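Numbering of the sequence shown is given in the UniProt record's numbering, commencing with residue 1 and proceeding in unit increments.
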Amino acid sequence: MSNTHLSATPMDPYTWRESVLSTRSLSFLSTADALGSPRLGSHSRNVSLGHTREPMRRNTMTDDSDYDLEMGGTNRGDRGLNDIPELPDSVAESALFTLPREIRDRVYSFCLTAQNGVPVEWPSLPGAKAVYDLQPQLLRTCKIIRDEAAPMLFSLNNLTFHHPSDANMFVRAMATPALSRRYVTHLSLHVKATDTRLWMPYLMSTDEHRSLKADFLGLREVAVRYRSNKWNHSLSPDQNLKNWSEDSRLDEIIDGLRHVFLPPPPSKSASDGVKPLNEMNEHEFMRFVDARRPGEDMAFKRQLLELHKAHAPAAARAPDPPAIKVVCACRVHSAHFNLVVSASSSTGSRADTHRHHHANGTTAAILASALGPGPGLADSDESEPPAAVQEGEPFRGFTAIDFGGAGVKRLHDPIVGSAKVATTPFADRNGVLVALEIHCLDPKRDGHGHHHRDA
């Protein structure tokens with residue numbers, strides 16, 4: 001027996017429907033066209049429209065269609081009214097769905113955004129849920145809330161993985177490939193130096209079933225925290241600051257990410273080097289035609305150009321690559337940490353003093369040139385301190401002064417414990433942003449005795 005909610009009496013085929021899920025009108029539907037006939041057969045249920053709730057169209061706010069208005073019978077597949085899902089009574093009567101979509105999204109964000117922007121690790125360690133303050137069980141209330149809110153869970157949080165299999169399984173076990181590829185925009189990967197061989201096949205591969213690029217197509221930022229073992233406590237901090245980047249495993253990660261996400265532009269054909277037609281301007285197009293059809297008049301050339309513009313496909317524009325950030329994290333002894341941090345502050349003070357003396361020296365030089373050298377105008381032999389690295393400038397290595405910009409942070413986690421952290425700005429290493437982090441556990445605050453995942 002048919003489940004249609006319409007009577008066999010002819011009716012106006014163009015009826016406006018309004019969704020409970022949205023404040024804007026949805027499509028008008030040709031009932032007769034959707035059912036394939038201007039009249040319903042005699043087998044349809046003879047129920048009056050006035051005593052039944054009309055089936056609702058699906059939510060346009062989560063629909064992938066670009067059109068708000070759609071005529072029944074358009075080429076969207078042979079789908080009758082029975083195929084259009086009807087809202088459950090519990091949802092249809094809910095006060096939540098009387099709110100505009102923007103307000104509902106704000107409600108969802110309070111439940112699905114990690115507190116203070118804390119990166120969300122998966123799988124999470126015991127005690128981490130209290131830190132995140134996430135309420136993902138909201139997605140279990142009904143399918144409609146899940147469809148509306150699930151994208152926010154993935155787009156508003158920075159996901160963190162410690163193993164390549166965790167990232168790959170998350171896409172298929174906890175999310176769906178469609179959600180992860182479209183809505184995950186920020187990703188953090190924690191890579192130990194000893195686990196580089198585990199990570200590189202996942203980072204470098206283009207396999208659609210197991211690769212970073214295929215699993216997360218919508219990335220806008222990839223952050224890698226590489227836990228280096230290059231810091232040698234038998235050497236001085238200055239020597240370690242020179243040697244930390246001489247790490248083949250770190251180079252392998254940086255070069256691999258650059259190769260996958262920042263490939264070089266395709267070279268033009270060596271045979272003729274001709275620019276594609278859909279990238280030519282009018283002057284270039286005219287020269288192109290002259291080279292192949294000399295003697296054609298200008299009117300013909302312009303007509304040919306218009307025909308080409310009308311029928312040639314537009315040049316394909318590749319999506320913008322994500323920003324790639326690699327932090328080389330070194331766990332150091334507290335003595336080395338204090339030496340580097342104190343050196344950064346003292347070097348910064350010396351730099352300020354040098355700038356002050358340089359200004360005075362300039363004034364003195366002007367006076368000396370005008371009045372001649374005097375007894376109080378001796379030249380200074382003070383050497384200029386190294387300049388601090390600025391965010392995004394080309395990579396040239398780091399010195400102690402580079403740790404003074406952000407200052408020392410004291411981080412605390414119920415699992416990891418407390419630590420003092422100092423980080424340099426990011427410098428550009430051929431398209432990949434690289435920074436150096438040093439950290440040491442804080443014995444005064446670290447009294448938990450837990451296992452340290454990232455110690």
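All C-beta atoms in this analysis are idealised placements derived from N, C-alpha and C, irrespective of residue type, glycine included.
Since this is a predicted model, take the numbers as computed values, not measurements.
1) Taking the alpha-carbon positions, what's the Pro-294 to Ala-310 distance?
2) Around the Cβ of Asn-116, are there at least 16 other Cβ atoms within 10 angstroms (buried) or fewer (exposed)?
3) Thinking C-beta only, is Leu-436 closer than 9 Å to Leu-241?
4) For the stretch 224-258, which segments carrying the alpha helix (DSSP H) assignment without a break, of at least 4 residues, lie completely within its bounds, in sequence order?
5) Name the DSSP beta bridge partners of Phe-170, please?
6) Taking its Cβ as the centre, do 16 or more other Cβ atoms sit within 10 Å of Phe-110, making it buried, or is it exposed?
7) Less than 7 Å between C-beta atoms, sequence neighbours within five positions excluded: which residues of the same chain meet that for Gly-77?
8) For Val-326, tell me which candidate among Gln-303, Arg-249, Val-120, Ser-344 has the shortest Cα-Cα distance.
9) Would His-190 be called buried (16 or more neighbouring beta carbons within 10 Å of its own) or exposed?
10) Using a Cβ-Cβ cut-off of 7 Å (strictly less than) and excluding sequence neighbours within five positions of Trp-299, which residues of its own chain qualify?
11) Have a look at Phe-161 and Leu-125 and give me their C-alpha separation to the nearest angstrom.
12) Closest by CA to His-439, which one among Val-340, Arg-396, Asp-428?
13) In the DSSP assignment, find the alpha helix (DSSP H) that holds Cys-142 and state where it starts and stops.
14) Using a Cβ-Cβ cut-off of 6 Å (strictly less than) and excluding sequence neighbours within five positions of Asp-402, which residues of its own chain qualify?
15) If you drop the 5 nearest sequence neighbours on each side, which residues of the same chain put their C-beta closer than 6 Å to that of Ser-205?
16) Measure the C-alpha to C-alpha separation of His-51 and Ser-94 and round it to an integer number of angstroms.
17) Going by alpha carbons, who is nearest to Gly-392 out of Gly-417, Gly-431, Thr-399?
18) Taking Asn-158 as the reference, which of Ser-188, Ile-145, Val-131 has the closest Cα?
19) By how many angstroms is the C-alpha of Thr-113 removed from the C-alpha of Ala-193?
20) Would you check if the stretch 164-183 and the stretch 209-226 touch, i.e. whether three or more CB-CB distances between them fall below 8 Å?
21) Going along the chain, which residues of its own chain have a beta-carbon closer than 6 Å to the beta-carbon of Thr-15, five neighbours each way excluded?
22) Whole-angstrom Cβ separation of Ser-334 and Ala-400, contact assumed at under 8 Å?
23) From which residue to which residue does the beta strand (DSSP E) around His-439 run?
24) Helix, strand or coil: how does DSSP classify Leu-189 here?
25) Do you know how far the Cα of Asn-243 is from the Cα of His-336?
26) Tyr-108 to Leu-96, Cα distance in whole Å?
27) According to the neighbour-count rule (16 or more other Cβ atoms, all chains shown, within 10 Å of its Cβ), is Ala-223 buried or exposed?
28) Is it buried or exposed for His-186, if we count other Cβ within 10 angstroms and need 16 for buried?
29) Where DSSP assigns a beta bridge to Asp-428, which residues make up the other side?
30) Mind checking which residues open and close the alpha helix (DSSP H) that includes Arg-104?
31) Could you pull the start and end residues of the alpha helix (DSSP H) that Ala-214 belongs to?
32) Does DSSP classify Ser-94 as helix, strand or coil?
33) Compare the beta carbon distance of Ile-324 and Glu-221 with 9 Å and say whether it is the shorter of the two.
34) Alpha carbon to alpha carbon, how far is Asn-338 from Asp-442? Give it in angstroms, no decimals.
35) Could you tell me the alpha carbon to alpha carbon distance between Leu-138 and Arg-106, rounded to whole angstroms?
36) Assuming the contact rule is C-beta atoms closer than 8 Å, Leu-219 and Pro-119 should be a hit. Round their C-beta distance to whole Å, please.
Inspection of the coordinates gives the following:
1) Here the C-alpha atom of Pro-294 lies approximately 23 Å from the C-alpha atom of Ala-310.
2) The residue in question, Asn-116, is exposed, as its Cβ has fewer than 16 Cβ neighbours within 10 Å.
3) Yes, they are a contact pair.
4) Unbroken alpha helix (DSSP H) stretches of 4 residues or longer found wholly inside the stretch 224-258: 237-243, given in chain order.
5) Assignment of beta-bridge partners to Phe-170 by DSSP yields no partner.
6) The residue is exposed, with fewer than 16 neighbouring Cβ atoms inside 10 Å.
7) Low local confidence applies: a pLDDT of 45 at Gly-77 is under 50, so the model's placement there is unreliable, and no value is given.
8) Here the closest residue by C-alpha is Arg-249.
9) Per the 10 Å Cβ criterion, buried.
10) Reading off the sequence, residue 299 comes out as Ala, not Trp. If we look at Ala-299 and ignore the five residues flanking it on each side, it has no Cβ neighbours.
11) Roughly 12 Å separates the two Cα atoms.
12) Taking only the C-alpha atoms, the option nearest His-439 is Val-340.
13) Per DSSP, Cys-142 is not a residue of any alpha helix (DSSP H), being assigned neither H nor E.
14) The residues are Ala-388, Val-389, Thr-424.
15) Setting aside the 5 residues that flank it on each side, Ser-205 is surrounded in the same chain by Ser-211, each with a C-beta closer than 6 Å to its C-beta; the list follows chain order.
16) Residue placement at His-51 is flagged as unreliable, the pLDDT there being 40, under the threshold of 50; the coordinate-derived value follows with that caveat. It is roughly 21 Å from the alpha-carbon of His-51 to the alpha-carbon of Ser-94.
17) Ranked by how close their Cα comes to the Cα of Gly-392, the residues Gly-417, Gly-431, Thr-399 have Gly-431 in first place.
18) Minimum Cα distance to Asn-158 is reached at Ser-188.
19) Going by the C-alpha atoms only, they are around 31 Å apart.
20) Yes, the stretch 209-226 is in contact with the stretch 164-183.
21) Confidence is the limiting factor: at Thr-15 the pLDDT is only 37, short of 50, which leaves the residue's position unreliable and the question unanswerable from this model.
22) Contact between Ser-334 and Ala-400 fails: their C-beta atoms lie close to 16 Å from each other, not under 8 Å.
23) Residues 432-441.
24) Three-state result, Leu-189: strand.
25) If you take the alpha carbons of His-336 and Asn-243, they lie about 15 Å apart.
26) Each residue's Cα considered, the two are about 11 Å apart.
27) Using a 10 angstroms sphere on the CB of Ala-223, the tally of other CB atoms reaches 16 or more, which defines it as buried.
28) Answer is buried; the Cβ neighbour count reaches 16.
29) In the DSSP assignment, Asp-428 is bridged to Pro-394, Leu-433.
30) Where Arg-104 is concerned, the enclosing alpha helix (DSSP H) stretches over 101-112.
31) Looking at the DSSP string, the run of the alpha helix (DSSP H) that includes Ala-214 is 212-215.
32) If DSSP states are grouped into helix, strand and coil, Ser-94 belongs with coil.
33) Contact annotation: Ile-324 and Glu-221 have beta-carbon atoms nearer than 9 Å.
34) Approximately 12 Å, taken between the alpha carbons.
35) In this model, Leu-138 and Arg-106 are separated by some 14 Å (Cα to Cα).
36) A Cβ-Cβ separation of about 15 Å leaves Leu-219 out of contact with Pro-119 under the 8 Å criterion.
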